[in-house]
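Below is one structure, written out as structure tokens; the observations come after it.
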Amino acid sequence: MSNNIRPETMERITTKALADAFIEEQVAAVRAQVGDKKVLLALSGGVDSSVVAALLIKAIGKQLVCVHVNHGLMRKGESEDVVRIFGQELDANLVYVDATDRFLDLLAGVSEPEKKRKIIGAEFINVFAEEAHKLEGIDFLAQGTIYPDILESIKAAEGKKAVKSHHNVGGLPEDLKFELVEPIKLLYKDEVRVVGEALGLPHGMVYRQPFPGPGLGVRCLGAITRDRLHALREADAILREEFDKSGLAEKVWQYFIAVPDIKSVGVRDESRYEGWPAIIRAVNTKDAMTATIEEIPYALLHHITFRITHEVEGINRVLLDLTPKPIGTIEWE
Ligand code: XMP
1 MSNNIRPETM ERITTKALAD AFIEEQVAAV RAQVGDKKVL LALSGGVDSS VVAALLIKAI
61 GKQLVCVHVN HGLMRKGESE DVVRIFGQEL DANLVYVDAT DRFLDLLAGV SEPEKKRKII
121 GAEFINVFAE EAHKLEGIDF LAQGTIYPDI LESIKAAEGK KAVKSHHNVG GLPEDLKFEL
181 VEPIKLLYKD EVRVVGEALG LPHGMVYRQP FPGPGLGVRC LGAITRDRLH ALREADAILR
241 EEFDKSGLAE KVWQYFIAVP DIKSVGVRDE SRYEGWPAII RAVNTKDAMT ATIEEIPYAL
301 LHHITFRITH EVEGINRVLL DLTPKPIGTI EWE
């Protein structure tokens, strides 16, 4: 446990020079730890796993095998970005698994949020373990554990209760025996970002807003259907594009669309047009334990509403969620 505690003397990484020194140190440490052996990494495309991937590619190149599982609940363009940045630009050893049908088939008809999370978490492990079994001669597993995760597990060990079963990869089956490589486990999130930029990862990837492990699965409320999931993904892409253009993306901690399983009556081309509402949620927080509502200029809201209702098939209304946390959690499920 002692090497899981950040030494008080450790300087906060705030500059490129400090990040470069950290990277150099970790490259040497990883090489010393793994030698000429192979390392496996579940690469979600989130900040932490992406920074670990870039760091390990620098340290051990093709000895790193990245597995990207597309569970079909990613945001628009995310899996494509992982393939382009890691598979092509960084020339990584990347296994891309499109498991969309497996996940959506298992989730069909399941409306209870915690049940949905459990299915997604368990199936993620199944798919990842299947891929790991196909690969030969892997001794190490890299993980994007960061310091808040370690502090969180210390709290959990002390018996403090969580509101939701947050998990990305909830652990691996017993028969997969790996030694762990966790090069960023003593870093705070802001430091991970500085290191990511120093490694040359795109700004958009390094400053990506937090995205839950179960992805759009907990934003396509209730039982997920492919048509509503598609509408949600398209509406969310419009929101993100407009937040990027207006500069709000830099100011708001998390912003997204949720689509409930409710239809209302609308009118289009002089005919009845039933559709789902897209709910905009935009919050600011420091630690995700409490959150405040970010104001969005009305002109921008009108523009986003116009675009979503005109461009996304199946959405006929746009609503704004004004609820702080508490009482509402950030996600709807
Ligand atoms: P809540 O909804 O609990 O969310 O206020 C707090 C933060 O956690 C994220 N979140 C999750 N992250 N797996 C994750 O990895 C999950 O199941 C999950 N549920 C919520 C949420 O997006 C917010 O940033």
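Counting in the numbering used here, the sequence shown runs from 1 upward without gaps.
Backbone N, C-alpha and C fix where the C-beta goes; we use that ideal spot for every residue, glycine too.
Between which two residues does the beta strand (DSSP E) harbouring residue i extend?
| i | result |
| --- | --- |
| His-68 | 64–70 |
| Leu-141 | 138–142 |
| Ile-85 | Element bounds for Ile-85: n/a, residue is neither H nor E. |
| Phe-256 | 254–258 |
| Ile-224 | That residue, Ile-224, is in no beta strand (DSSP E); it is neither H nor E in DSSP. |
| Val-267 | 264–268 |
| Arg-281 | 271–284 |
| Val-39 | 38–42 |
| Arg-31 | Note, Arg-31: premise wrong, no beta strand (DSSP E); alpha helix (DSSP H) at 16–34. |
| Val-318 | 315–320 |
| Glu-179 | 179–181 |
List the whole-angstrom C-beta distance separating residue i from residue j, where the pair is believed to meet the contact cut-off of C-beta under 8 Å.
| i | j | result |
| --- | --- | --- |
| Arg-12 | Leu-186 | Wrong, their Cβ atoms sit about 11 Å apart, outside the cutoff. |
| Asp-321 | Ile-257 | The Cβ separation is near 10 Å, so there is no contact. |
| Glu-331 | Pro-212 | 6 Å |
| Gly-196 | Ser-50 | 7 Å |
| Val-336 | Asn-93 | The displayed coordinates of the chain run from 1 to 333. Any statement about residue 336 would go beyond what the structure contains. |
| Val-259 | Leu-221 | 7 Å |
| His-303 | Glu-250 | With 8 Å as the limit, His-303 and Glu-250 do not qualify as a contact, their Cβ atoms being about 18 Å apart. |
| Ile-138 | Asp-48 | The Cβ separation is near 20 Å, so there is no contact. |
| Phe-140 | Lys-37 | 6 Å |
| Ala-231 | Val-283 | The pair is not a contact, with the Cβ atoms about 22 Å apart (cut-off 8 Å). |
| Ile-293 | Leu-248 | Not confirmed; about 13 Å, so no contact. |
| Pro-113 | Glu-270 | Incorrect: roughly 39 Å between the Cβ atoms, too far for contact. |
| Ile-85 | Met-205 | 7 Å |
Of all the options the options, which has the alpha carbon lying nearest to the alpha carbon of residue i?
| i | options | result |
| --- | --- | --- |
| Leu-73 | Asp-98, Ala-92 and Val-267 | Asp-98 |
| Asp-190 | Lys-286, Leu-300, Ile-293 and Ser-111 | Lys-286 |
| Ala-42 | Asp-36, Gly-35, Val-30 and Leu-56 | Leu-56 |
| Ala-291 | Arg-317, Pro-297, Arg-307 and Pro-324 | Pro-324 |
| Asn-116 | Gly-87, Asp-236 and Arg-219 | Note that residue 116 corresponds to Lys in the displayed sequence, not to Asn. The residue with the shortest Cα to Cα distance from Lys-116 is Arg-219. |
| Lys-134 | Val-95, Ser-264 and Arg-268 | Val-95 |
| Gly-144 | Arg-193, Leu-106 and Pro-277 | Arg-193 |
| Ala-142 | Val-181, Ala-282 and Ala-288 | Val-181 |
| Asp-227 | Gly-275, Gly-61, Ala-54 and Glu-80 | Gly-275 |
| Gln-254 | Thr-309, Thr-329, Phe-86 and Ser-153 | Thr-329 |
| Pro-202 | Val-82, Glu-136, Val-30 and Lys-58 | Val-82 |
| Ala-288 | Gly-87, Ala-198 and Pro-326 | Pro-326 |
| Tyr-207 | Asp-101, Gly-45 and Lys-37 | Gly-45 |
| Ile-120 | Asn-70, Ala-157 and Leu-90 | Asn-70 |
| Glu-136 | Lys-177, Thr-15 and Ser-246 | Lys-177 |
| Glu-131 | Val-67, Leu-229 and Lys-245 | Val-67 |
| Ala-108 | Gln-33, Leu-229 and Ile-23 | Leu-229 |
| Arg-233 | Gly-247, Arg-272 and Ser-79 | Ser-79 |
| Ala-129 | Ala-157, Asp-105 and Leu-40 | Leu-40 |
| Val-34 | Lys-263, Leu-301, Glu-179 and Ile-224 | Glu-179 |
Using a 10 Å radius around the Cβ and a threshold of 16 neighbouring Cβ atoms, would you call residue i buried or exposed?
| i | result |
| --- | --- |
| Gly-215 | buried |
| Ile-238 | buried |
| Gly-334 | The question about residue 334 has no answer here: the residues shown for the chain are numbered 1 through 333. |
| Phe-103 | buried |
| Ile-315 | buried |
| Ser-111 | exposed |
| Pro-148 | exposed |
| Tyr-298 | exposed |
| Ala-19 | buried |
| Val-265 | exposed |
| Ala-53 | buried |
| Ala-235 | buried |
| Ala-198 | buried |
| Arg-240 | buried |
| Thr-309 | buried |
| Met-10 | exposed |
| Ile-23 | buried |
| Val-318 | buried |
| Ile-184 | buried |
| Val-267 | exposed |
| Gln-63 | buried |
Would you kindly report the start and end of the unbroken alpha helix (DSSP H) that includes residue i?
| i | result |
| --- | --- |
| Ala-299 | 298–311 |
| Val-163 | Here Val-163 belongs to no alpha helix (DSSP H), and DSSP marks it neither H nor E. |
| Tyr-96 | It is not in any alpha helix (DSSP H) - Tyr-96 instead sits in the beta strand (DSSP E) that spans 93–98. |
| Gly-204 | 203–206 |
Cβ of residue i versus every heavy atom of ligand 2: is any distance shorter than 7 Å?
| i | result |
| --- | --- |
| Pro-214 | Of the ligands this structure carries, namely ligand 1, none is ligand 2. |
Flag residue i as yes if its beta-carbon sits less than 8 Å from any beta-carbon of chain C, otherwise no.
| i | result |
| --- | --- |
| Pro-326 | Note that chain C does not occur in the displayed structure, where there is just one protein chain. |
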